[in-house]
Amino acid sequence: MVTLKDIAKEAGVSITTVSNVVHNRASRVSPELVAQVRAIMEREHYVPSMTARTLANNQSLIIGVINHLVPRHSGGVMADPFHNTFMTGIEQQTREEGYFLMLRSVEDSLELEKLRRSWSMDGMIFTGLFQDDFFKSVCNMGIPFVLIDSYIDLPEVYNVGLEDEQGGYLATRHLLENGHRVIAFASPFLRENGVVEKRLQGYQRALGEFGVPFDPQLVFEQEISIDDGVRLGRTLAGHKHITGIFASADILAAGIVAGLCEEGVSVPQDKSIVGFDDNYLCRLTHPQLTTIHQDAEQKGILATKMLLSQLRHEPTDERQIVLPVRLVERESVRNIKGDRSFWS
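Just add 415 to the spot in the sequence shown (first one is 1) and you have our numbering.
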């Protein structure tokens, strides 16, 4: 295996000069020597030791992606296609910039502190945080971080979010415009000032515009997984008066469609449904799922760029990015205006 000493000998320079090139201290070396040393490294397939780079630069080149929304019963963060998609954006961007990823679910502040002590990370990206004691621990870590899908209104916090309330509004309005008046809201467990609550507020706004009273009995909360969605679908099959369903995540909507089918309830003939995310599940369900589109991959890319800007001490005025949403119509919503069979 080729060593720094071998490269230095061939280039006719000192080991220190080669080390400066390896560790991106090229300002201390002429451009001609940098090009020469890098050409030798490439030809000899030289790979720098990460341990040596960490010691030399006081950087690990590791970015942690931390999930704080730990499922209560089963499944994990990577079981949700939404997380897979935005992780694709993060992985793509970090790889292009020469960084490495660590993905971890962390339940509480103690576990976060253990992780921080065990691994040297240059920065972290967190999903779904709230302004609580855990967030205080994040702020006290002393390393740069970026939030995804968090409604923490502090000027110093970097966050990439979404038009969640607008998405809930568009989904519910679409059902209302197609004649539905008894519409269920299906979601993970609600938390104050969180993503799901914002989507519920959009649902409520649409109902209000159409003069439909909000009924808390039509809000169904459970874990977000295919299995939990299937169970909820079976339950909703028994609620004959419910003709429309807004599921705040496609993975939940797909499970509901399957559960309804098991009970002999047809979508959209008997019940219509709209999801949220527009991931690959939408085109695998039968019928294909009408949903609210968000660019989850772009969300991951932007969060990574925000974090890298902090690590490089690049000035930026943009700390809060809110991505747009739009309705994507497919086959899971039926227009029931004038259909007396739904009201007999």
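Every residue gets a Cβ at the ideal spot worked out from N, C-alpha and C, and that includes glycine.
Everything numeric in this text was worked out from a predicted model, so none of it was measured.
Element boundaries [alpha helix (DSSP H), containing Leu-525]: The continuous alpha helix (DSSP H) containing Leu-525 extends over residues 524-533.
The segment 609-623 contacting the segment 569-587, beta-carbon criterion three pairs below 8 Å: Because the criterion of three Cβ pairs below 8 Å is met, the segment 609-623 and the segment 569-587 touch.
Distance, Glu-512 Cα to Leu-726 Cα: Whole-angstrom Cα-Cα distance: 12 Å.
Residues of its chain near Ala-662, where Cβ-Cβ distance is below 8 Å and the 5 sequence neighbours each way are ignored: Correct list, in chain order: Ala-601, Ser-602, Gly-644, Ala-668, Ile-671, Ile-688, Val-689, Gly-690 and Phe-691.
Three-state secondary structure (DSSP) of Arg-741: Strand, per DSSP.
With 16 other Cβ atoms within 10 Å as the buried cut-off, status of Lys-686: With 16 or more neighbouring CB atoms inside 10 Å of its own CB, Lys-686 falls in the buried class.
Sub-8 Å separation of Gly-543 and Pro-559 beta-carbons: 8 Å or more divides the Cβ of Gly-543 from the Cβ of Pro-559.
Tyr-566 versus Met-556, Tyr-584 and Asp-547, residue with shortest Cα-Cα distance: If you compare the alpha carbons of Met-556, Tyr-584 and Asp-547 with that of Tyr-566, the shortest gap goes to Asp-547.
The segment 524-536 in contact with the segment 743-755 per 3-pair CB rule at 8 Å: No, because fewer than three Cβ pairs between the segment 524-536 and the segment 743-755 fall closer than 8 Å, the two stretches do not touch.
Reference Asp-754; option with closest CA among Glu-528, Glu-447, His-589 and His-595: That would be His-595, whose Cα lies nearest to the Cα of Asp-754.
Given 8 Å, three or more beta-carbon pairs between the segment 705-718 and the segment 501-511: Because the criterion of three Cβ pairs below 8 Å is met, the segment 705-718 and the segment 501-511 touch.
Residue burial classification, Leu-525 (beta-carbon count within 10 angstroms, cutoff 16): So Leu-525 ends up on the exposed side.
Beta strand (DSSP E) segments (min. 3 residues) lying fully within the segment 650-716: Within the segment 650-716, the complete beta strand (DSSP E) runs of at least 3 residues are 659-662, 687-692 and 705-708.
Whether Ile-478 touches Leu-722 by CB criterion (8 Å): A contact, by the Cβ cut-off of 8 Å.
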